[in-house]
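To keep things clear, I will list the structure first and then write my remarks on it.
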Amino acid sequence: MQRLLLKSLSSLLFISLFNPVAAKQTGTVENIPEFRPGYLIGYLKQQDLPNSLSLLPPPPAPGTPAFALDQRMAEKSQALRGGKRWELAISDANLKFPAAAETFSCALDAPISEQHTPVLYRVLRRTLTDAGLATYSAKKRYQRSRPFVYNQQPSCTPEDEAKLAADGSYPSGHSAIGWAWALLLSELAPEHGNALWARGRAYSESRMVCNVHWYSDVREGREIGATTVARLHADPTFQADFAVARQELLAVRAKGLTASGDCAAQAQALALGAD
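Numbered according to mature numbering (1 follows the signal peptide of the UniProt record, and there is no 0), the sequence shown spans residues -23 to -1, 1 to 252.
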């Protein structure tokens, strides 16, 4: 039985790599259930997720040099409130699809959509859940207060403040998700690696600009994102989808399709920085 399963998987990967048409058909057959409305289940089972509580140190305690750094970075980030970088941070806060799929389109220089890249679109939706959930063992244990609760300054998403205040700040789930996406996309398009990594870093820094995460939350969130990507590469279902996504991106490039969205405006906002 095991040999048969491995043989079937090998055949699927071969088809995915060398027959883009068949690969697309194979990759879009399965109907993936939702973890909650609007969010697909991840590739990894709960027991296979990285354990952020065992992987990360406790968050910096008030009065320590590390927390002083968190405060300095928060103050510096708040200087960007109301400008173009603040507006980008508001956009980066949105994890709902299809809007979230466009986050890395400019850095990738290609569209990411259900129409043009349906399996890549699904990969991003499912890995969002994996990377996000991987942060929760530490979040629940430490229940760290958010910066906007501590400093009594507004966040960039006031409509979410009640929910965020009840959700631990450490580590940052958005940072884990964004960094995971940056790493995965850079594997598919290594020629755009620097742009994708820079966008992933800026995406996580948007959480500081938003006043919803501390610097240490963001930094350790990226650690969990990277760890999640490493674990995903051992999952056969992810491997099969990732192979199809690679072919979709090649097909998009062959058609001459480029990034969606206003890349010039995004570049101007990103040039302002958060640190």
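Where is the CB? At the ideal position from N, CA and C, for every residue including glycine.
Because the structure is a prediction, the values reported are computed rather than measured.
Length of the line joining the Cα atoms of T94 and G198: Note on geometry: alpha-carbon atoms of T94 and G198 lie some 27 Å from one another.
If the criterion is Cβ atoms closer than 8 Å, does the pair V189 and R123 meet it? Yes, the Cβ-Cβ distance between V189 and R123 is below 8 Å.
Quick check on DSSP: helix, strand or coil for R121? Looking at R121 - three-state DSSP - the assignment turns out to be coil, as it is neither helix nor strand.
Out of P135, T41, E11 and H210, which has the shortest C-alpha to C-alpha gap to R99? Out of P135, T41, E11 and H210, E11 has the C-alpha closest to the C-alpha of R99.
Would you kindly check if the distance between the Cβ of C187 and the Cβ of S132 is under 8 Å? If you check the CB distance, S132 and C187 come in under 8 Å.
Would T205 pass as a contact of A157 if the rule is Cβ separation under 8 Å? T205 places its beta carbon less than 8 Å from that of A157.
Among the candidates A153, S181, M185 and R223, whose CA atom is the shortest distance from the CA of L33? Looking only at A153, S181, M185 and R223, the smallest Cα-Cα distance to L33 is reached by A153.
Between L85 and A246, is the Cβ-Cβ spacing less than 8 Å? Between L85 and A246, the gap from beta carbon to beta carbon reaches 8 Å or more.
Taking the straight line between their C-alpha atoms, what separation do you get for P148 and S31? Approximately 13 Å between the Cα atoms of the pair.
Does the Cβ of D239 have 16 or more other Cβ atoms within 10 Å, making it buried, or fewer, making it exposed? By the 10 Å Cβ count, D239 comes out exposed.
L226 and L165 closer than 8 Å at C-beta: Yes.
Between the CA atoms of R196 and A248 - distance to the nearest angstrom: Each residue's alpha carbon lies about 20 Å from the other.
Quick one, are the C-beta atoms of T80 and Y16 less than 8 Å apart? Not a contact, by the Cβ cut-off of 8 Å.
With a threshold of 16 other CB atoms inside 10 Å of the CB of T3, please say whether the residue is buried or exposed. Caution applies to T3, whose pLDDT of 43 falls short of 50 and renders its modelled position unreliable; the model cannot decide the point.
Among R223, G155, M50 and P36, which residue has its Cα nearest to the Cα of K116? With distances taken between CA atoms, K116 lies nearest to P36 out of R223, G155, M50 and P36.
Does DSSP classify L173 as helix, strand or coil? In the structure shown, L173 sits in a helix (DSSP, three-state: H, G or I).
Identify every run of the alpha helix (DSSP H) within the region 58 to 99, keeping only runs that are complete inside it and at least 4 residues long; order them along the chain. The region 58 to 99 contains these whole alpha helix (DSSP H) runs: 61 to 69 and 82 to 85.
Sequence-distant residues of the same chain with beta carbon closer than 6 Å to G150, five excluded per side: Answer for G150: G109 and T112, listed in chain order.
Is it buried or exposed for P27, if we count other Cβ within 10 angstroms and need 16 for buried? Buried, since its Cβ has 16 or more Cβ neighbours within 10 Å.
Nearest residue (CA-CA) to L92, options A228, A244 and A242: Checking the sequence shown, residue 92 turns out to be Gln, not Leu. Across the set A228, A244 and A242, the C-alpha of A228 shows the shortest separation from the C-alpha of Q92.
Just curious, the alpha helix (DSSP H) that E138 is in, first and last residue? E138 -> alpha helix (DSSP H) spans E138 to A142.
Does DSSP put Y147 in a helix, in a strand, or in coil? Reduced to three states, the DSSP call for Y147 is coil.
Span of the beta strand (DSSP E) holding E168? First-last for E168: undefined, no H or E at that position.
In angstroms, rounded to a whole number, what distance separates the CA positions of S237 and I89? Distance from the CA atom of S237 to the CA atom of I89, rounded to whole angstroms, is 8 Å.
Which partner residues does Y16 have in the DSSP bridge list? In the DSSP assignment, the residues bridged to Y16 are R13.
Grouping DSSP H, G and I as helix and E and B as strand, with all else coil, what is G202? In the structure shown, G202 sits in a helix (DSSP, three-state: H, G or I).
Less than 8 Å between the C-beta atoms of A51 and M185, yes or no? Going by C-beta atoms, A51 is nearer than 8 Å to M185.
May I have the straight-line CA-CA distance separating A242 from G59, to the nearest angstrom? Their backbone Cα atoms lie some 15 Å apart in a straight line.
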